[in-house]
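In my numbering, the protein residues as written are 108 to 191.
Remarks on the structure that follows.
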């Protein structure tokens with residue numbers, strides 16, 4: 108649940124659409140949502156009460172958004188060679 112989204116996000120970033128530039132911000136948001144999807148499915152498969160699941164879900168989405176933005180920054184830093 109925690110490792111798949113950043114790895115998928117990196118795969119999307121290093122794929123052809125990311126190199127040519129995203130034509131619309133909606134595509135970037137869609138790719139981020141697609142990267143978070145395996146974690147959401149895993150979260151849904153946990154044997155938890157519905158109320159507990161609804162409390163965890165927003166925290167997971169916010170945490171994954173932070174991780175994906177940080178991964179995007181590190182990836183861009185590496186691609187541009189301006190790290191450090």
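For each residue, glycine too, the CB sits at the ideal point set by N, CA and C.
Complete runs of the alpha helix (DSSP H) confined to the segment 112-180 [at least 4 residues]: Inside the segment 112-180, DSSP marks whole alpha helix (DSSP H) runs of 4 or more residues at positions 123-127 and 132-152, from first to last along the chain.
Beta-carbon spacing of residue 167, residue 150 below 7 Å: Yes, the pair counts as a contact, with Cβ atoms nearer than the cut-off.
Environment of residue 188 [buried if 16+ CB atoms lie within 10 Å]: Exposed, by the Cβ-count rule.
Residue 190 - DSSP class collapsed to helix/strand/coil: Under the three-state reduction of DSSP, residue 190 is assigned to coil, being neither helix nor strand.
Proximal residues to residue 172 (C-beta, below 6 Å), its chain only, five neighbours per side dropped: Answer for residue 172: no residue qualifies.
Contacting residues, own chain, Cβ-Cβ under 6 Å from residue 152 (five flanking each side not counted): Setting aside the 5 residues that flank it on each side, residue 152 has no residue in the same chain whose C-beta is closer than 6 Å to its C-beta.
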